[in-house]
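Following this note's numbering, the numbering of the sequence shown begins with 475 at its first residue and continues without gaps. Scroll down for the structure; my scribbles are underneath it.
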Amino acid sequence: MIADVAKEIGLNWLIYSSLPETLEGFEGSKYNIVAFYGKNRVEKYIRALGIPNATFIYIGFYTSNIGTVYPIITKNDGTSEFVIPVVKEDTTIEIVDAETDTGPVVAKVIEEGPEKWNGKKVPVASERISFGKIAETLTKVTGRQVKLRTLNPEETKKELPSLDRSLDMYRWLNEYGVFRSEISDISVAKVLHPNITTFEQYAYKTWGNK
475 MIADVAKEIG
485 LNWLIYSSLP
495 ETLEGFEGSK
505 YNIVAFYGKN
515 RVEKYIRALG
525 IPNATFIYIG
535 FYTSNIGTVY
545 PIITKNDGTS
555 EFVIPVVKED
565 TTIEIVDAET
575 DTGPVVAKVI
585 EEGPEKWNGK
595 KVPVASERIS
605 FGKIAETLTK
615 VTGRQVKLRT
625 LNPEETKKEL
635 PSLDRSLDMY
645 RWLNEYGVFR
655 SEISDISVAK
665 VLHPNITTFE
675 QYAYKTWGNK
């Protein structure tokens with residue numbers, strides 16, 4: 475494991491991408507999301523390992539998943555559907571153009587140094603936005619009506635079978651967003667990277683001329 479190597483070679487500062495624990499150690503519903511709790515348990519291991527400095531980067535919901543993992547389907551009447559399992563119109567998530575904005579946030583953390591960021595959790599997210607608002611924004615940007623269509627588990631198995639094993643993640647989003655209470659203030663991301671991309675900006679860049 476990279477953490478063990480970091481300890482062995484005497485690395486002064488390790489920056490690691492983490493996410494919340496979803497199974498244990500907190501009050502509330504628990505969800506089996508290995509992509510979350512697996513990272514969090516490595517974070518805990520790093521904290522216990524005794525590396526002089528460690529910082530943990532929490533990346534939000536990827537804008538790039540919209541229209542790819544979660545399709546936008548154009549219907550015969552010219553309207554479109556943004557399709558995703560289980561979530562609700564008012565489910566609110568921390569979102570980010572990860573490809574564009576993770577690097578500048580982390581670069582600024584490195585510039586400011588471990589004295590400021592040791593032990594800290596750093597959010598990479600431009601805003602909190604509901605799935606209903608995402609659909610509204612797509613409508614505004616594309617000029618055609620885009621409605622959110624959420625799939626129940628049976629519909630997911632039929633229409634998006636590759637996501638059938640990830641249903642706990644969408645239930646988690648309904649209850650906690652991405653970060654839960656691990657990070658309540660995401661404004662630090664904009665302080666670190668003032669030009670961080672909002673979803674509307676991403677939507678214009680991706681679909682605005684189509």
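No residue lacks a Cβ here, since even glycine has one placed at the ideal position from N, Cα and C.
For the set P597, W681, G552, T548, the Cα lying nearest the Cα of I567 is the one of P597. Shown here for R521: same chain residues with a beta carbon closer than 7 Å to its own, the five before and five after excluded, namely A528 in chain order. Counting along the chain, the unbroken beta strand (DSSP E) around K595 starts and ends at 595-598. Counting only runs of 3+ residues, the beta strand (DSSP E) found wholly inside the region 620-660 occupies 620-625, in chain order.
Spanning the alpha carbons of Y532 and I483 requires a straight line of approximately 25 Å.
Note that the region 639-647 touches the region 560-579; at least 3 beta-carbon pairs, one per stretch, sit closer than 8 Å. With a cutoff of 8 Å on beta-carbon distance, V615 and Y678 are scored as near each other. The alpha-carbon of N669 is positioned some 28 Å away from that of K513. Excluding the 5 residues flanking it on each side, L523 has same chain C-beta neighbours closer than 7 Å at A477, K481, in chain order.
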